[in-house]
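Step one of this worksheet: look at the structure below.
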Amino acid sequence: MNSKLKALQDVQLNPSTEFQLELLVRAAETLEIEDPSSIAFIQALTQLSTRRINLKLSLHRAAFVEAELQAHLAEVESELTLIHKWSSVLAEGSGSENSETVENLERRRQGIVRKAKEYQSQLAQLDPKTMNNALCISDLTRLQEQNREREKEVRRKRKKVETFRGLPANPDLARLSLLQATQELQKLTRAREGLLGGMADGVS
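At position 79 of the sequence shown (counting the first as 1) the number is 79 in UniProt numbering, and the numbers step up by one without a gap.
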């Protein structure tokens, strides 16, 4: 055996063949192939191609889900802006009798805004590599349909807001609107937790 190895060491290869052999060795090391046969190379390249396709699919899914959640966050923040305006009107139109109520509403509004911004920051830091490949297109379609229904509800609320413009300040109306905005944020929270839970299942 040693004599055969010595004989191989003494073999002189032309530069072109030696260069091609070196490329073959590097490719085998990169693909972590122990047996550099043609079948092993084909299998390794097929697996690499499959991983690339799955990664691209995960990136598209991540972008789609993030866009939907960002749009819903924008709608919630728009509602919160209206609530802030109503709170300001209440603060100006009422005396010390309602001042504590307005302050409580403002604190709750600020808490919701902070939570919405926190979710927005977490979405921006999502690593597409951790997306669950088992996420079905039907799930994404269902989420999109839910968001469309929420958008219709927001438009309906805006029409109601236009109806109330110019009327005296109404603390009960402000509290009701705050409650509705809070419920919308809770829906977003549940959708986010479901998404992150699916991602965690995919990683495990």
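Glycine included, every Cβ here is placed at the ideal spot set by N, Cα and C.
Rounded distance between the beta-carbons of residue j and residue i, thought under 8 Å
i    : j    : result
L105 : L178 : 6 Å
L80  : I112 : 6 Å
I53  : A44  : Wrong, their Cβ atoms sit about 15 Å apart, outside the cutoff.
Nearest-angstrom Cα separation, counted from residue j out to residue i
i    : j    : result
F41  : T30  : 11 Å
F19  : T46  : 25 Å
E68  : E145 : 10 Å
P36  : R51  : 21 Å
Q110 : L59  : 33 Å
Q180 : L48  : 49 Å
A191 : L24  : 49 Å
T17  : S38  : 17 Å
N14  : A27  : 20 Å
E66  : L21  : 47 Å
F64  : R148 : 14 Å
S88  : L176 : 16 Å
A62  : E118 : 18 Å
E153 : L57  : 32 Å
Q183 : H84  : 17 Å
W86  : S78  : 13 Å
R107 : E151 : 26 Å
R156 : V76  : 14 Å
K115 : E193 : 14 Å
Limits of the alpha helix (DSSP H) - the one that residue i falls within
i   : result
L24 : 15–30
Residue i: CB within 7 Å of a non-hydrogen atom of the ligand NAP
i    : result
G111 : In terms of ligand content, the structure shown is empty, and the ligand NAP therefore cannot be addressed.
The segment 68–82 contacting the segment 185–193, beta-carbon criterion three pairs below 8 Å = yes
3-residue-minimum beta strand (DSSP E) runs that sit fully inside the segment 31–96, ordered along the chain = none
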